[in-house]
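Following: one structure in structure tokens, then a few remarks.
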Amino acid sequence: MSELSHESPLAGVTPPPGLSVSLREITDRGMIDLRGHGSDQAFLSAVKGALGLDLPLRPRTSAGSDDLRVLWLSMDQWLILCPRTKAAEILAALRSALTGVHSLAVDVSDMRAVIRIEGGGCREVLMKGTSLDLLDAEYRPGCCRRMRFAEIAALLSVVEDNVFDVYVFRSYARYAWDFVCATAREPARVRLFGAQDAPA
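Right, here's the structure in full:
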């Protein structure tokens, strides 16, 4: 009997030479969509018991420890990130803890592709596809939010100062990848006025 195997939506795709930033796909990420009432103490307690951490309750924030991270998506929705190999185990623990509690937990690891953009100038590259002002102090490590990127729905997560993960539905993965490759070409590099050194 054949076994199911996972194939990345960007399998075999590599960034072209001459980019101003580093670009790669994160292929080993498990994702669990969690729904519930953020004001329900039974829900919050059950999730903490299963994950070992408190859910982030403030908009555009995240929480995590070791290889587990939870992104706030809305007042009743979170995205749990973990190694793909641990997704089934974490999902089972969540469902067991949430028995009898109004909630929903679903493995959505195959729903999205994750494109990592890093290096100096990555914010400028990203701003070519979104109206967000990524130079604002709000966009520091741990921040996450939904956005429109290159006219498609996407999720942005600030991993480190110059490291961003962009989540897109897998059917748009190649389009988003090609868009970043085009806008990140070295000849297309831009230096924003606010980021330039003052004249001596």
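Each residue of the sequence shown is one higher than the one before, counting from 1057 in my numbering. All C-beta atoms, glycine included, are put in the ideal place defined by N, C-alpha and C.
Local Cβ density within 10 Å of Gly-1177, reported as buried at 16 or more and exposed below that = In the sequence shown, counting from the first residue as 1, residue 1177 sits at position 121. Classification for Gly-1177: buried.
Enumerated in chain order, which unbroken segments of the beta strand (DSSP E) with a length of 3 residues or greater are wholly contained in the segment 1148–1178?
-> 1159–1163 and 1168–1174
For Pro-1243, I'd like the list of residues in its chain whose CB is within less than 7 angstroms of its CB, leaving aside the five on either flank, ordered along the chain.
-> Looking up residue 1243 in the sequence shown gives position 187. Cβ neighbours of Pro-1243 beyond the five flanking positions: none.
Please say whether Leu-1066 and Ala-1229 have beta carbons closer to each other than 8 angstroms?
-> The residue labelled residue 1229 in the question sits at position 173 within the sequence shown. The residue labelled residue 1066 in the question sits at position 10 within the sequence shown. Yes.
Determine the closest residue to Asn-1218 out of Met-1203, Glu-1180, Leu-1211 and Leu-1188, with distance taken between C-alpha atoms.
-> Along the sequence shown, read from residue 1 onward, the residue named residue 1218 stands at position 162. The residue with the shortest Cα to Cα distance from Asn-1218 is Glu-1180.
Find out if the Cβ-Cβ distance for the pair Val-1103, Ala-1169 is shorter than 8 angstroms.
-> Counting from one through the sequence shown, the residue named residue 1103 turns up at place 47. Counting from one through the sequence shown, the residue named residue 1169 turns up at place 113. Against a cut-off of 8 angstroms, the Cβ pair of Ala-1169 and Val-1103 comes out as no contact.
Sequence-distant residues of the same chain with beta carbon closer than 6 angstroms to Leu-1211, five excluded per side | In the sequence shown, residue 1211 corresponds to position 155, counting from 1. Once the five neighbours on either side are set aside, the close Cβ partners of Leu-1211 are Arg-1202 and Tyr-1223.
Taking just the CA atoms, how far does Ala-1238 sit from Asp-1163?
-> Within the sequence shown, the letter at position 107 stands for residue 1163. Within the sequence shown, the letter at position 182 stands for residue 1238. Whole-angstrom Cα-Cα distance: 32 angstroms.
Taking buried to mean at least 16 other C-beta atoms within 10 Å of its own C-beta, is Ala-1144 buried or exposed?
-> Taking the sequence shown and counting its residues from 1, the one referred to as residue 1144 is at position 88. Its Cβ having fewer than 16 others within 10 Å, Ala-1144 is exposed.
If you draw a straight line from the alpha carbon of Thr-1117 to that of Pro-1197, how long is it in whole angstroms?
-> Numbered from 1 along the sequence shown, position 61 holds the residue referred to as residue 1117. Numbered from 1 along the sequence shown, position 141 holds the residue referred to as residue 1197. Approximately 9 angstroms between the Cα atoms of the pair.
Can we say the segment 1147–1154 touches the segment 1068–1075, given the rule of at least three CB pairs closer than 8 angstroms?
-> no
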